[in-house]
Each structure stands twice: as structure tokens, then as C-alpha cells.
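What follows is a short report on a single structure.
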Amino acid sequence: MVKNRLRTVNTLAATAVLIASLIGCSSAPTANSSSGDSKAAPMDLSVMFYTSANIQITHDDNEAIKFLEKKFNVKLTIMDTPINDYTTKQNTIVASGSIPDVMVWNAFPDAALSGYLKQGAFMQLDKYIDKAPNLKKYPQMIWDNVKVDGHFYMIPRVRPIVRTGVLIRKDWLDKLNLPIPKTTDDLAKVAIAFTKNDPDGDGIADTYGIATDPKLSNLNPLFAAFGTGNGWLKQTDGTLVNSFITPGMNQSLQFLRDLYAQGALSKDFPVQQGNTRKELQSGKAGIILESYIIDYAQDIAALKKVDPKAELIYIDPPVGPTGISGYFAGSGNAAGWVIPATAKPEKVEKILEIMNWEASDEGYHFNKYGIDGIHNTKNADGTFTTNEKYIKDDLKELIMVSPYDIYSYSDTGAPLDVQKVQRDALDKVKDKGIAAPFASYISPTQIQKNEEINNKLRYDYFTRIITGQLPATAFDEFVAKWKSGGGEQITKETNDFYKSQGSK
Numbered sequence: 001m002v003k004n005r006l007r008t009v010n011t012l013a014a015t016a017v018l019i020a021s022l023i024g025c026s027s028a029p030t031a032n033s034s035s036g037d038s039k040a041a042p043m044d045l046s047v048m049f050y051t052s053a054n055i056q057i058t059h060d061d062n063e064a065i066k067f068l069e070k071k072f073n074v075k076l077t078i079m080d081t082p083i084n085d086y087t088t089k090q091n092t093i094v095a096s097g098s099i100p101d102v103m104v105w106n107a108f109p110d111a112a113l114s115g116y117l118k119q120g121a122f123m124q125l126d127k128y129i130d131k132a133p134n135l136k137k138y139p140q141m142i143w144d145n146v147k148v149d150g151h152f153y154m155i156p157r158v159r160p161i162v163r164t165g166v167l168i169r170k171d172w173l174d175k176l177n178l179p180i181p182k183t184t185d186d187l188a189k190v191a192i193a194f195t196k197n198d199p200d201g202d203g204i205a206d207t208y209g210i211a212t213d214p215k216l217s218n219l220n221p222l223f224a225a226f227g228t229g230n231g232w233l234k235q236t237d238g239t240l241v242n243s244f245i246t247p248g249m250n251q252s253l254q255f256l257r258d259l260y261a262q263g264a265l266s267k268d269f270p271v272q273q274g275n276t277r278k279e280l281q282s283g284k285a286g287i288i289l290e291s292y293i294i295d296y297a298q299d300i301a302a303l304k305k306v307d308p309k310a311e312l313i314y315i316d317p318p319v320g321p322t323g324i325s326g327y328f329a330g331s332g333n334a335a336g337w338v339i340p341a342t343a344k345p346e347k348v349e350k351i352l353e354i355m356n357w358e359a360s361d362e363g364y365h366f367n368k369y370g371i372d373g374i375h376n377t378k379n380a381d382g383t384f385t386t387n388e389k390y391i392k393d394d395l396k397e398l399i400m401v402s403p404y405d406i407y408s409y410s411d412t413g414a415p416l417d418v419q420k421v422q423r424d425a426l427d428k429v430k431d432k433g434i435a436a437p438f439a440s441y442i443s444p445t446q447i448q449k450n451e452e453i454n455n456k457l458r459y460d461y462f463t464r465i466i467t468g469q470l471p472a473t474a475f476d477e478f479v480a481k482w483k484s485g486g487g488e489q490i491t492k493e494t495n496d497f498y499k500s501q502g503s504k
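My numbering puts the sequence shown at residues 1 to 504.
Below, the structure is given as C-alpha cells:
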């Protein structure tokens with residue numbers, strides 16, 4: 001039953017994606033809108049993307065599906081995959097040679113994708129993008145960040161450049177009479193107090209400071225504070241060193257090692273992949289250093305069920321020993337959509353036409369509010385409030401792309417006070433990004449060695465250093481193995497590329 005429902009969701013998503021372009025851009029969708037030539041033969045299009053695992057919708061009573069299917073004339077083959085299985089599925093299907101007409105690639109830059117581009121698996125889209133004026137409105141930096149060898153092979157799923165923030169239990173701070181932490185030293189004191197001083201007042205030692213996971217993937221503001229750089233760190237001589245082997249990374253690990261020894265990190269973090277937010281929502285953890293602002297609505301709603309008096313706020317990222325503070329600036333995308341090199345021009349044109357509509361004002365209205373009068377109510381002040389039908393019909397799955405909007409990471413279905421927290425947080429973080437030296441290059445050796453040294457070797461050493469299974473000095477051993485395992489060559493290739501681009 002779940003699989004069937006997921007398939008329905010993807011049919012819904014792809015239908016909207018492949019249909020919407022013909023609606024036009026002059027007004028919001030209404031229940032009676034119609035266009036298109038019903039006599040034309042439908043175009044066959046196959047679409048592949050991932051879905052969240054908790055979707056529960058059906059087709060029969062979905063007004064969004066009915067509206068879109070009536071309006072457009074396409075025939076779809078849907079290849080839906082739960083998000084946790086998607087990376088494996090996308091690589092398997094490309095390797096098989098049976099690539100769908102359009103598919104999400106879920107990471108960029110990505111070593112596997114770089115390899116496939118060199119093999120000629122995906123289409124160069126430059127001339128098609130030139131005919132999509134709404135897509136061309138994206139900030140130039142976002143387009144530059146998906147450029148490969150001077151060309152575009154991906155339509156980005158645009159996101160705010162900085163879309164995460166430091167989330168902390170304000171009620172716990174107040175309970176323990178603690179100020180909002182401003183520095184890394186302050187952060188350590190608060191994390192330890194959240195562990196040892198019973199901030200939830202239940203008399204049980206069941207809380208702790210900072211939530212994370214085996215990949216340490218939500219600790220970037222801490223790494224930034226210790227001066228690791230974003231991916232690569234530019235040195236005084238203009239060359240780049242990989243962030244993983246910087247002195248700042250060593251300092252970060254020692255900082256985390258001390259916290260772990262005092263219980264201020266979850267003792268289970270090495271095995272709790274995907275549970276970071278659950279630790280916050282369940283009332284166990286008090287801090288997430290890098291939390292997606294879009295998730296705040298879900299986080300506070302879940303936490304309030306556990307503790308109705310709970311208060312979550314966003315604070316500034318911690319300032320490190322040398323005065324550095326900020327978030328890793330993203331590339332402005334959550335990866336994007338790729339099209340096989342073998343696609344027929346008319347199919348590519350159709351897909352880009354659809355995406356161009358989705359990036360229009362009307363397409364964005366449909367994405368955020370659905371069909372007027374069915375999925376929303378228009379308020380006296382001209383704003384719209386979505387309803388349960390909007391949630392049930394799952395319109396958030398309908399659109400492939402959207403206009404660039406930093407406030408897209410606020411939840412329009414959430415209470416107004418929650419939306420205000422999100423919008424204020426997005427304003428707070430927008431100018432605190434630490435940019436990477438470049439966003440779209442992966443060296444040939446990294447394509448070959450990424451999993452071995454940047455993932456397995458790194459995760460193993462970092463986790464064992466933090467948990468005390470290895471001595472603090474083991475970082476030097478990690479650096480030596482990283483370099484000899486391919487890191488030196490990756491560094492050379494990366495610096496050669498960086499120099500060729502003018503070392504901007």
C-alpha cells in the first residue's frame with residue numbers, strides 16, 4: 001500500500017511538472033482554468049525523483065491532480081524512489097543506460113555525476129536555457145555554480161545561499177539562568193550545562209547539549225569558527241588546502257572530544273544517522289548547530305507535543321578563537337535536474353517550457369498555495385492561507401523548480417508566528433555565509449578516491465578521535481593516510497584548476 005501511495009505521489013509531482021507550462025503567467029490557477037489542445041497526441045515522458053517516506057495521499061479525491069490532468073495532455077512513466085534509497089537508484093539506473101527523460105540528481109558537485117558527464121551521459125542545456133527567461137532570472141552566481149567546463153548540464157533546484165541556522169532551547173537557557181552563547185567557549189559551557197544540570201526539570205539525567213550524526217554533517221558552523229574554510233581553505237600564499245586536514249579541523253575534533261567525554265554529545269551519535277532532529281524533537285538534545293530553517297515548523301510542533309512550554313530560537317553562529325563566525329555558504333541549489341544526452345529536442349524543449357512556467361509568478365503561487373478556492377482561502381488583506389486540502393493533496397511535491405526567493409524556506413502552511421520566526425531567521429543568516437573557493441569542480445582523482453578517503457577514512461578517524469577510541473594525536477595519522485591515499489594528488493589537481501580560473 002505504501003509503495004502504491006508513493007507512486008501516486010510521484011505521478012502527481014510529475015504531472016504538475018510536465019503540465020504546468022501551458023497555464024500562462026498572468027494570474028493564479030483557478031478551478032476552471034483550462035488550455036491545451038485535447039486532440040493532440042500526448043507526449044510520452046519518463047520522470048525520476050525522490051519522495052519523502054511519510055507521504056500518504058491517494059489519487060481519486062486529489063483536486064490538484066484533477067485540475068492538472070484536465071489541463072494538459074501528457075503520458076507519464078513515473079520512477080519514484082524513497083529518499084533514503086535514491087542515491088543508489090540514480091547511479092544504478094544511469095549505469096544501466098536506461099535513463100529517464102528527466103531526473104533529479106541529488107548532489108552537486110558529485111563525483112559520480114562528474115564521471116557520467118565525462119562519459120557524455122547527460123545533455124548540454126545551454127541553448128535551451130537561453131529560451132527560458134524565468135530561469136535566467138536566477139542569480140548569476142547560482143548558474144555559475146552549476147557550470148561544468150563552461151557549460152550547463154543541470155537545471156538547479158534553487159535554494160537560499162544560506163538556509164540553515166543555529167537552533168537552541170531558549171527555555172533551557174532561561175531555566176539554568178544562562179546567557180545566549182556567543183563564542184565556542186560559551187557554546188561548550190551551555191552544552192555541558194544542558195547535560196549535567198537537568199534543564200527539563202524531571203530529575204533524570206536524560207538530556208544533553210549538541211545533537212549530531214556519524215558524518216558530523218550538521219556541525220559546519222563549528223568547523224567554520226575554528227577556521228577550516230568551506231571545503232577548501234585559501235592560504236596566505238594563495239594556494240588551497242582541503243578543509244579536512246586543516247589545523248582548524250584538528251581543533252574542532254579536540255573541542256568535540258572534550259564535549260563527548262562530558263556527555264555533551266549524544267553517546268550514540270556514531271550510529272544515529274538521520275536521528276539528529278528527532279533528538280531535538282523528543283526533548284533530549286538542546287542544540288543543533290546547523291538546522292534547516294524550513295524544518296523549524298515541524299521541529300517546534302513535534303517538540304511542543306513533548307513539552308508544551310518548550311521554546312526554540314535561532315541564534316548567531318559561534319565565534320571562534322580567532323574571531324571567525326559564519327555558515328558554509330551553499331551553492332544556491334539543492335542539486336537539480338538532468339536530461340540524458342539521447343533525449344529528442346522536442347522533449348527537452350517541453351521540459352524546459354514547463355520549468356520556465358514553474359519559475360513564474362503563477363507557477364510559484366500554485367506551488368505555495370495551490371488552486372484558489374480549493375487549496376486556500378484569500379484573506380481580507382490579500383494574502384492566502386492554505387488549508388487541509390492543500391496538505392492532503394501534497395502540493396509541495398508538484399513543482400520541479402521555483403523562482404529564487406530566500407523566503408522559500410519558510411513554511412506557508414505553518415501558523416503565522418512560526419512563519420515569522422522562519423522569515424526572521426532567513427534574514428538573520430543571509431549575510432553570514434562563508435563562500436567556498438569554487439562550487440562545481442571535482443578533481444579526477446577525487447572521483448576515484450572520494451568514497452575511500454573523504455568518506456570512509458575520514459568518518460572512521462573523526463568518530464574514533466571524538467569518542468576517545470583513538471588518542472588526540474591520531475589526527476596527524478589521518479592526515480598522512482589521507483595524503484598518501486590520493487589526497488596529495490587531489491590537492492594538486494584542485495589547485496591547478498583554481499589557478500586556471502584566476503584564483504578568484
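No residue lacks a Cβ here, since even glycine has one placed at the ideal position from N, Cα and C.
How big is the Cα-Cα spacing for residue i and residue j?
| i | j | result |
| --- | --- | --- |
| Q262 | Q298 | 30 Å |
| V74 | D431 | 43 Å |
| P270 | I465 | 11 Å |
| D206 | T195 | 8 Å |
| L176 | A193 | 8 Å |
| W143 | M79 | 27 Å |
| Y369 | A414 | 12 Å |
| C25 | N367 | Note that C25 scores a pLDDT of 41, beneath 50, so its modelled location is shaky and nothing firm can be said. |
| L470 | Q501 | 40 Å |
| L167 | W232 | 26 Å |
| G165 | T87 | 26 Å |
| Y292 | D174 | 24 Å |
| Y260 | T212 | 11 Å |
| G487 | I354 | 42 Å |
| Q90 | W105 | 7 Å |
| I399 | H151 | 25 Å |
| D411 | R423 | 9 Å |
| M123 | V94 | 13 Å |
On the premise that residue j lies in contact with residue i, defined as a C-beta separation below 8 Å, what is that separation, rounded to the nearest angstrom?
| i | j | result |
| --- | --- | --- |
| R157 | A335 | 6 Å |
| V401 | I83 | The Cβ separation is near 18 Å, so there is no contact. |
| Y296 | V421 | 6 Å |
| P29 | E362 | 7 Å |
Among the residues of its own chain, which have a CB less than 7 Å from the CB of residue i, if the five just before and after it don't count?
| i | result |
| --- | --- |
| P444 | E493 |
| Y459 | P214 and K215 |
| T183 | P318 and V319 |
| V148 | L117 and S440 |
| K481 | L457 |
| M141 | G332 |
| I453 | W482, G485, G486 and G487 |
Quick check on this structure: which residue in the options has the alpha carbon closest to the alpha carbon of residue i?
| i | options | result |
| --- | --- | --- |
| H365 | P403, S440, A380 and P139 | P403 |
| E290 | I313, W105 and G283 | I313 |
| T81 | T51, I99 and N450 | T51 |
| P181 | K420, L222 and K131 | L222 |
| P199 | P321, I83, A285 and Y409 | A285 |
| F438 | T239, T412, S217 and S98 | T239 |
| F244 | L45, S408 and S217 | S217 |
| I324 | P160, A310, N220 and A380 | N220 |
| V47 | M103, S96, V479 and K66 | M103 |
| F108 | I442, Y498, I490 and P42 | I442 |
Please indicate yes or no: does the CB of residue i lie closer than 7 Å to some heavy atom of the ligand GDP?
| i | result |
| --- | --- |
| S217 | Looking at this structure, you won't find the ligand GDP or any other ligand, since it has none at all. |
Which term fits residue i, buried or exposed, when burial requires 16 or more other beta carbons within 10 angstroms of its beta carbon?
| i | result |
| --- | --- |
| S360 | buried |
| L303 | buried |
| P247 | exposed |
| Q119 | exposed |
| S21 | Note that S21 scores 39 on pLDDT, short of 50, meaning its location in the model is unreliable and no value can be drawn from it. |
| Q235 | exposed |
| P133 | exposed |
| D61 | exposed |
| D101 | buried |
| H375 | buried |
| L113 | buried |
| I287 | buried |
| L12 | Summary for L12: the model assigns pLDDT 39, below 50, so the residue's position carries little reliability, and this model does not support an answer. |
| Y407 | exposed |
| E279 | buried |
| S252 | buried |
| K71 | buried |
| P308 | exposed |
Can you give me the Cβ contacts of residue i inside the same chain, cut-off strictly under 8 Å, excluding the 5 residues immediately before and after it?
| i | result |
| --- | --- |
| Y128 | V348, E349 and L352 |
| V306 | Q281, S282 and G283 |
| K137 | A359, P403 and Y404 |
| G468 | R257, Y260 and A261 |
| T322 | G227 |
Excluding the 5 residues flanking residue i on each side, which residues of the same chain have their C-beta closer than 6 Å to its C-beta?
| i | result |
| --- | --- |
| N450 | A111 |
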